[in-house]
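There are 2 protein chains.
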Amino acid sequence: MHGYQGRESERLRDQAGALVDLLHSDTRYPPGSQVLEAGCGVGAQTITLARNSPHARIASVDISADSLEEARTRVDGAGITNVEFRHADIFALPFDPAFFDHIFVCFVLEHLSRPLDALAKLKAVLRPGGTITVIEGDHGSAYFHPESPAARAAIDCLVELQRASGGGNAMIGRQLYPLLSAAGFDAVHVSPRMVYVDSSRPDLVEAFTKRTFTAMVEGVRESAISAGLARPDAFDAGIRDLYRTAESDGVFCYTFFKALGTKR
Amino acid sequence: MHGYQGRESERLRDQAGALVDLLHSDTRYPPGSQVLEAGCGVGAQTITLARNSPHARIASVDISADSLEEARTRVDGAGITNVEFRHADIFALPFDPAFFDHIFVCFVLEHLSRPLDALAKLKAVLRPGGTITVIEGDHGSAYFHPESPAARAAIDCLVELQRASGGGNAMIGRQLYPLLSAAGFDAVHVSPRMVYVDSSRPDLVEAFTKRTFTAMVEGVRESAISAGLARPDAFDAGIRDLYRTAESDGVFCYTFFKALGTKR
Numbered sequence: 001m002h003g004y005q006g007r008e009s010e011r012l013r014d015q016a017g018a019l020v021d022l023l024h025s026d027t028r029y030p031p032g033s034q035v036l037e038a039g040c041g042v043g044a045q046t047i048t049l050a051r052n053s054p055h056a057r058i059a060s061v062d063i064s065a066d067s068l069e070e071a072r073t074r075v076d077g078a079g080i081t082n083v084e085f086r087h088a089d090i091f092a093l094p095f096d097p098a099f100f101d102h103i104f105v106c107f108v109l110e111h112l113s114r115p116l117d118a119l120a121k122l123k124a125v126l127r128p129g130g131t132i133t134v135i136e137g138d139h140g141s142a143y144f145h146p147e148s149p150a151a152r153a154a155i156d157c158l159v160e161l162q163r164a165s166g167g168g169n170a171m172i173g174r175q176l177y178p179l180l181s182a183a184g185f186d187a188v189h190v191s192p193r194m195v196y197v198d199s200s201r202p203d204l205v206e207a208f209t210k211r212t213f214t215a216m217v218e219g220v221r222e223s224a225i226s227a228g229l230a231r232p233d234a235f236d237a238g239i240r241d242l243y244r245t246a247e248s249d250g251v252f253c254y255t256f257f258k259a260l261g262t263k264r
Numbered sequence: 265m266h267g268y269q270g271r272e273s274e275r276l277r278d279q280a281g282a283l284v285d286l287l288h289s290d291t292r293y294p295p296g297s298q299v300l301e302a303g304c305g306v307g308a309q310t311i312t313l314a315r316n317s318p319h320a321r322i323a324s325v326d327i328s329a330d331s332l333e334e335a336r337t338r339v340d341g342a343g344i345t346n347v348e349f350r351h352a353d354i355f356a357l358p359f360d361p362a363f364f365d366h367i368f369v370c371f372v373l374e375h376l377s378r379p380l381d382a383l384a385k386l387k388a389v390l391r392p393g394g395t396i397t398v399i400e401g402d403h404g405s406a407y408f409h410p411e412s413p414a415a416r417a418a419i420d421c422l423v424e425l426q427r428a429s430g431g432g433n434a435m436i437g438r439q440l441y442p443l444l445s446a447a448g449f450d451a452v453h454v455s456p457r458m459v460y461v462d463s464s465r466p467d468l469v470e471a472f473t474k475r476t477f478t479a480m481v482e483g484v485r486e487s488a489i490s491a492g493l494a495r496p497d498a499f500d501a502g503i504r505d506l507y508r509t510a511e512s513d514g515v516f517c518y519t520f521f522k523a524l525g526t527k528r
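Protein chains in written order, with our numbering: chain X, 1 to 264; chain H, 265 to 528.
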């Protein structure tokens, strides 16, 4: 659900705010447990993760030093003390084998061309009996009323750009079960977390339909146009139609997938 | 979720079995209340409806005398005594205004070209303060892994046939909020009921992915071909790809929408 230019940090904060309960509420780690947050980015999920497990010791890593610096600033600003940040690549993790009790991965696999290999690397630093939690979106799960081919085309630009930039897969959410199973995790359980928005839920209209999803699509406007994926007028029509779903007779649906697996 | 030829009754029974809890568990009517089930068809929902509210008096109507006869046989066979069947058209209901305390409508609006007018007719026989419950599917909510353009094209045949046969709308689920609101119901609340199926849930793979959804699409094969919507080989490839989503690394998602509204 991220990447690309423009209003990025603001959008991620909005998203984290609106979706915190939906995505996080059932993730609590025991006191003293060692938890790896792999790919923390700008820390959008880190604060919630750390607050929900205040006595767990969380190591948050990211491949981007800039993102990590922003995450550190936010987490420090929130007065959180159980997170240590470390600059690291998921594919070359600087931890001993079986070091962690639990691993948490949120909105990361969607950006990787080899998500299965990443899961194998993560599994190596997880102790037997430890768990991995993976949360991903799925842009193919978005549908809305009124329907709009222009809006679909604009969303497809985002999917295509994510594929083009490093081989990501914006529709990976639905694949978490086969991915975690193929990586050899046991007792894999996936629960979809559907966001349903109509005008009886004005906070969600604002926080999700407009400021998270549509803003995210809008954020790739220049990239999509310069990559030749869309003409400006067609893209703008798609964005208008996405905002149209936020009106009083509009409806917007999106599903996140949360998977839990255990290492044998 | 129904209509068309082929394995119809069997499929509807499977569906009712697998989805009973998901769709029905929060619908219970008080003892003595008068409930209208509008469009009961072959009674796929009637038995559950009646069992969950054993002391409510249920009037189940349908426009098809044949379906009604099958429903009566099934309900009688189940030993249920709180249902009366009546042959009637939703657009010409043989009941006094404000006669019913509650109305239940399941998989009916999707078949009507004027769902809003139907809701107005239903509202007329509902007492002030009474509730309407509407459950509909949405074929645009179906997505799966592996993705398949052929499978999508086969599903689109079903959507197109439903539109052609009487102006139905197979993607009406997402529209329940605006529809009930436009019909003047108060306090409209819609809750999506997502069916998520992976191979850790073999009963659902069998009952939903294969015997409900894919069988339903497969059921329109001859109609789709004779209507010129698909070539036999292309349609069959789509069906194969839908069955493919039922294999061990496949995933299938579908969402039903349940709406509750109150008459002022």
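Where is the CB? At the ideal position from N, CA and C, for every residue including glycine.
All values reported here derive from a predicted model rather than from experimental measurement.
For Y143 (chain X), the chain H residues whose Cβ falls inside 7 Å of its Cβ are G404, S405 and R438, in order along the chain.
At a beta-carbon threshold of 8 Å, the residues of chain H lying near H189 (chain X) are S464, ordered along the chain. Taking the C-beta atoms as reference points, S141 (chain X) is found nearer than 9 Å to R174 (chain X). For the set X:G39, X:L36 and X:R51, the Cα lying nearest the Cα of D21 (chain X) is the one of X:R51. Looking at the DSSP output, Y243 (chain X) sits in no beta bridge, so it has no partner there.
V369 (chain H) is positioned such that its CB atom lies no closer than 9 Å to that of E334 (chain H).
By a beta-carbon distance limit of 8 Å, I225 (chain X) contacts P232 (chain X). Their separation comes to about 6 Å. When the alpha-carbon of D290 (chain H) is set against those of H:I399, H:C304 and H:F363, the nearest one is in H:I399.
Residue nearest to K123 (chain X) within the set X:A56, X:L93 and X:I63 is X:L93 (criterion: CA-CA distance). DSSP places P115 (chain X) within a helical segment (H, G or I) once states are collapsed to three. Excluding residues up to 5 positions away in sequence, L204, V205, F208, T209 and F252 lie with their Cβ nearer than 6 Å to the Cβ of V197 (chain X) in the same chain. Chain-ordered, the chain H residues with CB closer than 8 Å to the CB of P192 (chain X) read M458, Y460 and C517.
Out of H:R378, H:A446, H:A494 and H:T397, the CA that lies nearest to the CA of C421 (chain H) is found in H:A494. Contact between S297 (chain H) and D365 (chain H) holds: their C-beta atoms lie close to 4 Å from each other, under 8 Å. At a cut-off of 9 Å between beta carbons, Y441 (chain H) contacts chain X.
Less than 9 Å divides the Cβ of D241 (chain X) from the Cβ of A151 (chain X).
What D381 (chain H) touches in chain X, judged by beta-carbon distance under 8 Å, is nothing: the nearest beta carbon there is about 17 Å away. Closest by C-alpha distance to A59 (chain X), out of X:G79, X:R201 and X:F99, is X:F99.
For Q426 (chain H), the enclosing alpha helix (DSSP H) covers residues P413 to A428.
For Y29 (chain X), the three-state secondary structure derived from DSSP is coil. Here DSSP, grouped into helix, strand and coil, assigns L36 (chain X) to strand. In the DSSP annotation of this structure, the continuous segment of the beta strand (DSSP E) that includes R391 (chain H) starts and ends at L390 to E400. Beyond the five residues adjoining it in sequence on each side, S67 (chain X) comes within less than 7 Å, by CB distance, of G41 and V42 in the same chain, given in chain order.
The shortest C-alpha to C-alpha distance from L444 (chain H) to any of H:M458, H:G431, H:A382 and H:H409 is the one to H:A382. Using a CB distance cut-off of 9 Å, M216 (chain X) does not count as an interface residue toward chain H. When rounded, the separation of the alpha-carbon atoms in S463 (chain H) and T509 (chain H) is 9 Å. The beta-carbon separation of E348 (chain H) and N433 (chain H), rounded to 30 Å, does not stay under the 8 Å limit for a contact.
Residue contact with chain X for S289 (chain H): absent (no Cβ-Cβ distance below 9 Å to any residue of chain X).
Of all alpha-carbon atoms in H:F521, H:K527, H:D500 and H:I311, the one lying nearest the alpha-carbon of S412 (chain H) is that of H:D500. The beta carbons of T526 (chain H) and G393 (chain H) sit about 7 Å from each other, so the pair counts as a contact at 8 Å. A Cβ-Cβ contact shorter than 9 Å links D62 (chain X) with G39 (chain X).
Residue pairing for R57 (chain X): DSSP places it in a beta bridge opposite X:Q34.
In the three-state DSSP reduction, V75 (chain X) falls in the helix class (H, G or I).
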